Amino acid sequence: MTQVVISLAVCVLLILATGVLCWKNQPPRLEGERLRVRSVPETGLMAGMLLAVGLALDVGKLVLPETAGTDPGSWTFIAVFALVCVGAGCHILLAAFVKQVVAYDDRFEAYTPFGGSQVVYWRQVTEVKSQLLSKAVTFKAPAAAVSVNGRNKEYLAFLDLALERVPREIGSDELGK
140 MTQVVISLAV CVLLILATGV LCWKNQPPRL EGERLRVRSV PETGLMAGML LAVGLALDVG
200 KLVLPETAGT DPGSWTFIAV FALVCVGAGC HILLAAFVKQ VVAYDDRFEA YTPFGGSQVV
260 YWRQVTEVKS QLLSKAVTFK APAAAVSVNG RNKEYLAFLD LALERVPREI GSDELGK
């Protein structure tokens, strides 16, 4: 029983920490921002379901101890599985609401789920690649490689901007597709 109580406490702390990180690590709105490419917001629904499942597993095991068995291993299994669900849900929330690409006239900035960022200037892009079975496009520069994907409207607007800004000999073939 102790494992499940500890798991429930850690799950609640993870959810609270994720909320704080989502609020604190939002990329700033700066002058000259052209557009933002974010993840599809419906991805957050999957995160919410995972968080609910993780919490429900712990609470369910505490309320009905015979759930998933009565042996000591069942308590450990429920505790670990709940932590995995909540951990995955928290990461998806961060990826859905913090990870984004912000485009400017001279550069674009890619923000990671935990608030880090990479800056790539349009003129420094050395290679543009798209994957065959994905709509993601990767922009490679000497200092960074950034993969861009997101909502269709924002994503297509970003590709149009990239087609204008990336040197023609580098990106016109891939971006034209």
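Taking my numbering, the leading residue of the sequence shown gets 140, the next gets one more, and so forth. Glycine included, every Cβ here is placed at the ideal spot set by N, Cα and C. Computed from a predicted structure; not experimentally measured.
- Would you mind reading off the limits of the alpha helix (DSSP H) that contains F253? Mapped onto the sequence shown, residue 253 falls at position 114. Element bounds for F253: n/a, residue is neither H nor E.
- N-terminal and C-terminal residue of the beta strand (DSSP E) that T206 is part of: The count along the sequence shown starts at 1 and reaches residue 206 at position 67. Where T206 is concerned, there is no enclosing beta strand (DSSP E), given that its DSSP letter is neither H nor E.
- Same chain only: Cβ atoms within 8 Å of T265, ignoring 5 sequence neighbours per side: Position 126 of the sequence shown holds residue 265. So the qualifying residues of the chain are K279, A280, P281, I309.
- Nearest-angstrom beta carbon gap, V287 and A275 [assumed within contact, 8 Å]: Taking the sequence shown and counting its residues from 1, the one referred to as residue 275 is at position 136. Taking the sequence shown and counting its residues from 1, the one referred to as residue 287 is at position 148. The Cβ separation is near 7 Å, so the contact holds.
- Going by Cα to Cα distance, which pick from V237, Q239, V198, A235 is closest to F220? Taking the sequence shown and counting its residues from 1, one reaches residue 220 at position 81. Closest by alpha carbon: V198.
- Would the segment 196 to 215 and the segment 168 to 184 be scored as touching if the rule is three or more Cβ pairs under 8 Å? no
- Message: Taking 6 Å as the limit between beta carbons, can you name the residues of its chain near A186, skipping five residues before and five after?
- Response: Position 47 of the sequence shown, counted from the first residue, corresponds to residue 186. Within the same chain, A186 has close Cβ partners G228, I231, L232.
- For T182, the nearest candidate out of R307, S256, F236 (CA to CA): Here residue 182 refers to the residue found at position 43 of the sequence shown. Per the Cα distances, F236.
- Please list the segments of the beta strand (DSSP E) lying wholly inside the segment 204 to 244, counting only runs of 3 or more residues, in order along the chain. 239 to 242
- Task: Look at C224 and L189 and say whether their C-beta atoms are less than 7 Å apart.
- Result: Within the sequence shown, the letter at position 85 stands for residue 224. Within the sequence shown, the letter at position 50 stands for residue 189. In contact: C224 and L189 (Cβ atoms closer than 7 Å).
- Pick helix, strand or coil for L174, following the three-state DSSP scheme. Taking the sequence shown and counting its residues from 1, the one referred to as residue 174 is at position 35. Three-state result, L174: strand.
- Message: Quick check: what's the CA-CA separation for N293 versus V241?
- Response: Taking the sequence shown and counting its residues from 1, the one referred to as residue 293 is at position 154. Taking the sequence shown and counting its residues from 1, the one referred to as residue 241 is at position 102. What sits at residue 293 in the sequence shown is Glu, not Asn. Cα-Cα distance, rounded: 10 Å.
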